[in-house]
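Read the structure below first, then the notes.
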Amino acid sequence: MAKQGIEEIRGFPTRIVTWLLHRFFFFSRGMTLGVRAACFDRQGRVFLVRHTYVPGWYMPGGGMERHETAADALRKELREEGNLEIRGEPELFHVYYNRKVSKRDHVLFYKVEVEQTAERAPDMEIAESGFFDLDALPDDVTSATLRRLAEIDGKAAKADYW
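Counting from 1, one number per residue, gives the positions in the sequence shown under UniProt numbering.
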């Protein structure tokens with residue numbers, strides 16, 4: 001494709017209108033956005049974490065901070081929760097509305113291949129973590145985790161709600 005396109009936001013009037021609209025959206029439609037990932041190693045095992053403050057096993061992830069891209073948030077969360085480094089390109093699998101958390105929470109859910117650089121020692125946030133064969137998941141894995149894995153495996157249709 002030869003065309004380069006135009007800048008989406010250019011010129012002083014456009015910058016002012018965009019700035020004002022985003023301030024309005026913050027108060028009228030504010031939402032939270034997070035990232036979470038199904039992290040697979042080369043053996044096809046999935047990485048799960050058990051937090052200290054909620055029951056069950058989850059896929060790693062967390063909220064995005066202001067001025068942080070989704071890719072940066074994903075790399076940060078995987079590094080913090082599992083000493084995981086992404087291999088290849090993360091695949092955005094789906095975007096979910098997480099209405100059980102709040103009326104304004106959304107999750108960008110990725111499928112990634114990872115390599116663990118070092119075992120993740122337990123601390124105040126993560127009680128346990130590890131890789132699991134899909135047919136040998138922990139007993140107390142969360143239902144959302146199971147639903148997402150079924151969707152990735154093609155055994156369930158993608159849902160819109162986390």
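We put the beta carbon where it would ideally sit given N, CA and C, even for glycine.
Item, Value
"Cβ-Cβ distance between proline 131 and arginine 45 below 9 Å", "In the sequence as presented, proline is not what sits at residue 131; that position holds phenylalanine. Against a cut-off of 9 Å, the Cβ pair of arginine 45 and phenylalanine 131 comes out as a contact."
"Between the CA atoms of glycine 11 and glycine 62 - distance to the nearest angstrom", "35 Å"
"Sub-9 Å separation of isoleucine 70 and leucine 108 beta-carbons", "Per the sequence shown, the amino acid found at residue 70 is alanine instead of isoleucine. Yes."
"Contact check, aspartate 160 vs tyrosine 96, beta carbons under 9 Å", "yes"
"Boundaries (first-last residue) of the alpha helix (DSSP H) holding serine 143", "143–152"
"Under 9 Å between C-beta atoms of phenylalanine 93 and alanine 38", "yes"
"Nearest-angstrom Cβ-Cβ length linking glycine 56 and valine 114, presumed shorter than 8 Å", "Not confirmed; about 21 Å, so no contact."
"For proline 13, three-class secondary structure by DSSP", "helix"
"Inter-residue CB distance, threonine 32 and glutamate 125 (contact presumed, cutoff 8 Å)", "Going by Cβ atoms, the distance from threonine 32 to glutamate 125 rounds to 18 Å, so no, they are not a contact pair."
"Straight-line gap, leucine 20 to proline 13 (C-alpha atoms, nearest Å)", "11 Å"
"Burial state of residue 171 (16 or more Cβ within 10 Å)", "Lying outside 1 to 162, the shown extent of the chain, residue 171 is not represented and no answer is given."
"Exposure of threonine 18, with buried meaning 16 or more beta-carbon neighbours within 10 Å", "exposed"
"Alpha carbon of tyrosine 58 to alpha carbon of aspartate 105, nearest angstrom", "17 Å"
"Minimum C-alpha distance to residue 213 - residue among Phe24, Arg36, Thr117", "In this structure the chain extends from 1 to 162, so residue 213 is not present and cannot be described."
"Residue closest to arginine 42, alpha-carbon to alpha-carbon, out of Leu137, Ile86, Trp162, Thr145", "Ile86"
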